[in-house]
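Below is one structure, written out as structure tokens; the observations come after it.
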Amino acid sequence: MIIDDTTFPKDIDTAQMEEACRKLWDEHRVHLYDPDRPGEMFSVDTPPPYVSASHLHVGHAMSYAQAEFIVRYQRMRGRNVFYPMGFDDNGLPTERFVEKKYSINKRKTTRKEFRELCLQVTAEGIKQYEELWRALGLSVDWRLRYSTIDEHCRRTAQKSFIELFQMGRIYRSNEPVLWDTHFETALAQADLESLERKGKLHQVSFPRNGSDPLIIATTRPELIPACVALYCNPADARYKELIGKSATVPLSNREVPIKADADVSTDFGTGMMMVCTFGDGEDVRRWKRDGLDTRLCINPNGKMTELAGAYAGLTVDETRKKIVGDLQTAGLLGGNTAVDQVVSVSERSGVPVEFIMAPQWFIKMLDLKAEFLKRSEELRWFPDWMKTRLDQWIEGLKYDWNIARQRFYGVPFPVWFCGSCNEPVLATEASLPVDPLEDPCPASACPKCGGKEFRGDPDVMDTWMTSSLSPLINANWAGSPGRLGSMKLYPMTVRVQAFEIIRTWLFYTLAKSHFHTNSLPWNDVMISGWGLNENGRKISKRDLEQFTDATGYNRYDPYAVIKKFGADSVRFWAAGGSLGHDLRFNERDIQNGRKLVVKLWNAARFCALQFGGFDAKTDTMPFVERTPEDRWVLMELNKIIPVVTTAFDNYSYHEAREATEKFFWSVFCDDYLEMIKDRFWTQAEYPEHARISARCTMREALRLILALYAPFVPYITESIYQILFREGENTPSLHISKWPEFDSARTGEIPEMTVVSEILTAVRGLRTTKKIAQTRRISTLTLDIGDPGSKIAETIKRMELSIKAAARSKDVIYGPATVNSGLEQVRLDIAE
RNA sequence: AGGCCCGUAGCUCAGUUGGUUAGAGCGCUUCCUUGACACGGAAGAGGUCGAUGGUUCGAGUCCAUUCGGGCCUACCA
Numbered sequence: 002m003i004i005d006d007t008t009f010p011k012d013i014d015t016a017q018m019e020e021a022c023r024k025l026w027d028e029h030r031v032h033l034y035d036p037d038r039p040g041e042m043f044s045v046d047t048p049p050p051y052v053s054a055s056h057l058h059v060g061h062a063m064s065y066a067q068a069e070f071i072v073r074y075q076r077m078r079g080r081n082v083f084y085p086m087g088f089d090d091n092g093l094p095t096e097r098f099v100e101k102k103y104s105i106n107k108r109k110t111t112r113k114e115f116r117e118l119c120l121q122v123t124a125e126g127i128k129q130y131e132e133l134w135r136a137l138g139l140s141v142d143w144r145l146r147y148s149t150i151d152e153h154c155r156r157t158a159q160k161s162f163i164e165l166f167q168m169g170r171i172y173r174s175n176e177p178v179l180w181d182t183h184f185e186t187a188l189a190q191a192d193l194e195s196l197e198r199k200g201k202l203h204q205v206s207f208p209r210n211g212s213d214p215l216i217i218a219t220t221r222p223e224l225i226p227a228c229v230a231l232y233c234n235p236a237d238a239r240y241k242e243l244i245g246k247s248a249t250v251p252l253s254n255r256e257v258p259i260k261a262d263a264d265v266s267t268d269f270g271t272g273m274m275m276v277c278t279f280g281d282g283e284d285v286r287r288w289k290r291d292g293l294d295t296r297l298c299i300n301p302n303g304k305m306t307e308l309a310g311a312y313a314g315l316t317v318d319e320t321r322k323k324i325v326g327d328l329q330t331a332g333l334l335g336g337n338t339a340v341d342q343v344v345s346v347s348e349r350s351g352v353p354v355e356f357i358m359a360p361q362w363f364i365k366m367l368d369l370k371a372e373f374l375k376r377s378e379e380l381r382w383f384p385d386w387m388k389t390r391l392d393q394w395i396e397g398l399k400y401d402w403n404i405a406r407q408r409f410y411g412v413p414f415p416v417w418f419c420g421s422c423n424e425p426v427l428a429t430e431a432s433l434p435v436d437p438l439e440d441p442c443p444a445s446a447c448p449k450c451g452g453k454e455f456r457g458d459p460d461v462m463d464t465w466m467t468s469s470l471s472p473l474i475n476a477n478w479a480g481s482p483g484r485l486g487s488m489k490l491y492p493m494t495v496r497v498q499a500f501e502i503i504r505t506w507l508f509y510t511l512a513k514s515h516f517h518t519n520s521l522p523w524n525d526v527m528i529s530g531w532g533l534n535e536n537g538r539k540i541s542k543r544d545l546e547q548f549t550d551a552t553g554y555n556r557y558d559p560y561a562v563i564k565k566f567g568a569d570s571v572r573f574w575a576a577g578g579s580l581g582h583d584l585r586f587n588e589r590d591i592q593n594g595r596k597l598v599v600k601l602w603n604a605a606r607f608c609a610l611q612f613g614g615f616d617a618k619t620d621t622m623p624f625v626e627r628t629p630e631d632r633w634v635l636m637e638l639n640k641i642i643p644v645v646t647t648a649f650d651n652y653s654y655h656e657a658r659e660a661t662e663k664f665f666w667s668v669f670c671d672d673y674l675e676m677i678k679d680r681f682w683t684q685a686e687y688p689e690h691a692r693i694s695a696r697c698t699m700r701e702a703l704r705l706i707l708a709l710y711a712p713f714v715p716y717i718t719e720s721i722y723q724i725l726f727r728e729g730e731n732t733p734s735l736h737i738s739k740w741p742e743f744d745s746a747r748t749g750e751i752p753e754m755t756v757v758s759e760i761l762t763a764v765r766g767l768r769t770t771k772k773i774a775q776t777r778r779i780s781t782l783t784l785d786i787g788d789p790g791s792k793i794a795e796t797i798k799r800m801e802l803s804i805k806a807a808a809r810s811k812d813v814i815y816g817p818a819t820v821n822s823g824l825e826q827v828r829l830d831i832a833e
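So the number in my numbering is just where the residue sits in the first sequence, counting from 1, plus 1.
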């Protein structure tokens, strides 16, 4: 093999190198899943990102890269890797994106038009994502792509609905539900966020005939028209006598009953509270339990209803202001106090949720808390403490899962209702996917009342209803034609995702799997943290806009960063954070990645230059016959193989990187390569045997280093592999070559090497003090070894050649010297 | 209010099951360029591991308390 500036150029053309690698990987189908291959599988349930997230940033790149280190490792371990990519392109996130982008909303458009726009932005978003993932070097098998609005996913989601309906898990009910007044749709508990804000606790008088008015405290005076009862604690001496009597709702002549509930605190506000339909979940609870009247004063669009009288048509906020004024005028308002309150807002729109009565589909969940907790227990969590997040969420569940959304863009329910008795009729499984607004009802007559008229269910499913099926989507549970997955994949090996969607994606998937397959959806779950901006905050759209420099470069834009530093550099940065923890972005840390890439290239280039005329047949040597330096470096390398392997097995890519890094940089480059240079520089001093030993050692070590680094920096390692090793191996790509194995014959220590490296360190110190370049050859190294009969003295004499090489000295002489070394009794000096 | 995570060198972070003088990279100081690499090499400065108390022969590492930060959960109207 001839190595020169043509075969191994001095400079790296990153863009060209990356493109060449991608081409090679595609050509040799390196990333493709083979359904027919026997052997162990490694299947990954990857997060389908919302394609509406047009603000892709380096944080996204970070978490996807972290999962992909494991994928590349497992592929090299010989596992049959199933690594798909999905896109979540239905549901509220997409709708919100479209609303903003086109400044329209549900009321000002048709369902058809809206859906068209959604599909359009979805297609654009997917393209953007795919480009980024490819650039970053994610080894996705793109044939396994799915998108939650596509036919396969709609079929799967509808099948899930039908099956759950048939097993009695799904019910329809017309109870008060969490409501988003911006999107005008029902929500599930998981769609809520809490918002802390300052509120005012108003004291309001409820007049009573013939006695003093009752004072209640409320933060929501706008709900006074919806007040249906007053409550106090049954043991409250102040109000005990009033229980069972009534009071008049202010600004009206309605009488409401005064009731008791032990949950009412005596020391909050005045100890007397009003209950409305519906101020919060507690109101709903009392309304249900005590059969209170129903006075719905808030419309689905967040404006007051006719029942609110003078306030009808106003928004909640407007009403609050107005009613406070009216109470004041009427002399019914006491003081108010500022309170900190926590209100539930819709995660997608940010507006406070209300309770609205509307018929909805629910999946019964609350009866299964214990089972879900058991499933959580069965899962292997990486890192383990993330499990708490799920467990606490499950324990805190208050509502069954409302899966219906009164929206446009999503998977339709495969349901028609009888026009006369409202009985639901479901689609047949064979007909899926269906759209009941377009497709005819499969029944000719209602099974209950014989009615002949049907109307399709206009609602769409919660987006999580589909994405929670991702393992079943991957495994082609619904049997869509032409898809590569099969239930053989099930349960999958691992779910990878970030922590913020534990309560949604992870939880719902666990539940779905429990229902449909009575098993876990995967064995393991790997939870990543977030990439944060330089201030340690979530990377925001503002970061992406604000920090763009004059040339258009933005350090949070993953494309820009990849273009500037190379994909390997970005990946290397991502590998620096430990699993589950957030990682602050810093451009300097990306530069570190770049340094590694350059270092790998140059180290490989150095090795290659020494190979000159390397012939695998003659340039081999049994391990035991090699020089101590050579045996030492291979033993050190052998030591880290199980460390790196175990780390990867436990999803601890960070540990793997650290061990590899330490070996490559400080043992291999700084010490080993420096020690052996002299064998090639001053050939006459060393026997040919020493050079052959070095050549085959360098080659072996470099090859192993490439393998260990491959999952992190796939481009540079592949490129070096192609130049130096491809020819001699029958594997077309490093990434499907064999993972290094621990060699039990290469264990133990070489004590002589400690002596050599201590002397090397001391010589380096002297060179620095004497301002002599580290590479310059010195004339003499004087060693003062004290008692010539001592063990150290003997070792030094035996290792003289190695010491001379390490010190880069023409001669070694023994005699008095003044500078202490790290070795006891050994002093030394150097002369230029 | 409860829970989880974090608080280690100027900065970003490692520190496995408690064990000798606490680590890396960046930054800083000084020095070294024909011989893979200055995106390099060498030498060095810099930390009483948030605080307090405890367990132990021994704690950054375990326990308790406390302060600060982040996140999650929560009906006090």
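We put the CB at the ideal spot given by N, CA and C, even for glycine.
Cα-Cα separation between K489 and P472, rounded to whole angstroms: 11 Å
Could you check where the alpha helix (DSSP H) with D6 kicks off and where it finishes? Careful: D6 lies outside any alpha helix (DSSP H) and carries neither H nor E.
The stretch 713 to 725 / the stretch 21 to 37 touching (three or more Cβ pairs under 8 Å): yes
Taking Cβ to Cβ, would you say T781 is nearer than 8 Å to S810? yes
Alpha carbon to alpha carbon, how far is I1 from P712? Only positions 2 to 833 of the chain appear in this structure, which leaves residue 1 out of reach.
What are the boundary residues of the beta strand (DSSP E) that C228 is part of? C228 to C233
Per DSSP, I779 is paired with what? S810
Between the Cα of M273 and those of A261, D281 and G282, spot the shortest distance and give me the residue it belongs to. A261
Are the CB atoms of L252 and L328 nearer to each other than 8 Å? Yes; because the gap between Cβ atoms is below 8 Å, this pair is in contact.
Based on the DSSP output, what are the partners of Y815 in its beta bridges? L784
Which residues in the same chain as P834 place their Cβ atom closer than 6 Å to its Cβ, once the five residues preceding and following it in sequence are excluded? As displayed, the chain neither begins before 2 nor continues past 833, which places residue 834 out of reach and without an answer.
Per DSSP, which one or two residues make a beta bridge with C608? None, per the DSSP bridge assignment.
Coil, strand or helix - D27 by DSSP: helix
Starting from M676, follow the alpha helix (DSSP H) in both directions and report where the run begins and ends. E675 to W682
If you draw a straight line from the C-alpha of V625 to the C-alpha of E637, how long is it? 15 Å
What does DSSP give as the partner residues of T256 in its beta bridges? Note that residue 256 corresponds to Glu in the displayed sequence, not to Thr. Note: E256 sits in a beta bridge opposite T249.
Start-to-end residues for the beta strand (DSSP E) that takes in K199: L193 to R209
Would you call A187 buried or exposed, if buried means 16 or more other Cβ atoms sit within 10 Å of its Cβ? buried
Can you give the Cα-Cα distance for C154 and E319, rounded to whole angstroms? C-alpha of C154 to C-alpha of E319: approximately 43 Å in a straight line.
Check whether the stretch 661 to 676 and the stretch 733 to 751 are in contact - that is, three or more C-beta pairs closer than 8 Å. The stretch 733 to 751 and the stretch 661 to 676 do not touch, with fewer than three beta-carbon pairs separated by less than 8 Å.
Using three-state DSSP, classify G420 as helix, strand or coil. Here G420 sits in coil by DSSP.
Are at least three pairs of beta-carbons, each pair with one atom in the stretch 343 to 361 and one in the stretch 205 to 212, less than 8 Å apart? In this structure the stretch 343 to 361 does not touch the stretch 205 to 212; the number of beta carbon pairs closer than 8 Å is below three.
Quick one: using the 10 Å Cβ neighbour count with 16 as the cut-off for buried, is Y84 buried or exposed? Under this definition Y84 is a buried residue.
Cβ neighbour criterion (16 or more within 10 Å) applied to G581: buried
Limits of the beta strand (DSSP E) - the one that A499 falls within: From DSSP, the beta strand (DSSP E) with A499 extends over M493 to A499.
Short of 7 Å in beta carbon distance, which residues of its chain neighbour R456, apart from the five on each side in sequence? Order them along the chain. Here the set comprises W417, F418 and G420.
How many angstroms separate the CA atom of W531 from the CA atom of F500? 8 Å
Cβ-based burial, Y654 [other Cβ within 10 Å; buried from 16]: buried
Would W402 and F373 qualify as a contact pair, given that the criterion is a beta-carbon distance under 8 Å? No.
Start-to-end residues for the alpha helix (DSSP H) that takes in F43: Element bounds for F43: not the alpha helix (DSSP H) but the beta strand (DSSP E), M42 to D46.
Please determine, among L433, M676, T748 and N423, the residue with the shortest C-alpha to C-alpha distance to R778. M676
Just curious, the beta strand (DSSP E) that E69 is in, first and last residue? Element bounds for E69: not the beta strand (DSSP E) but the alpha helix (DSSP H), V59 to M77.
Closest by C-alpha distance to L20, when choosing among G486, Q826, A568 and K663: Going by the sequence as given, residue 20 is Glu instead of Leu. In this structure, A568 is the residue among G486, Q826, A568 and K663 with its C-alpha nearest to the C-alpha of E20.
How would you label Y172, buried or exposed, when you count the other beta carbons within 10 angstroms and need 16 or more for buried? When all chains shown are included, Y172 counts as exposed.
Is it true that the CB of L829 sits closer than 8 Å to the CB of T755? no
Based on the DSSP output, what are the partners of E355 in its beta bridges? In the DSSP output, where bridge partners are listed per residue, E355 has W180.
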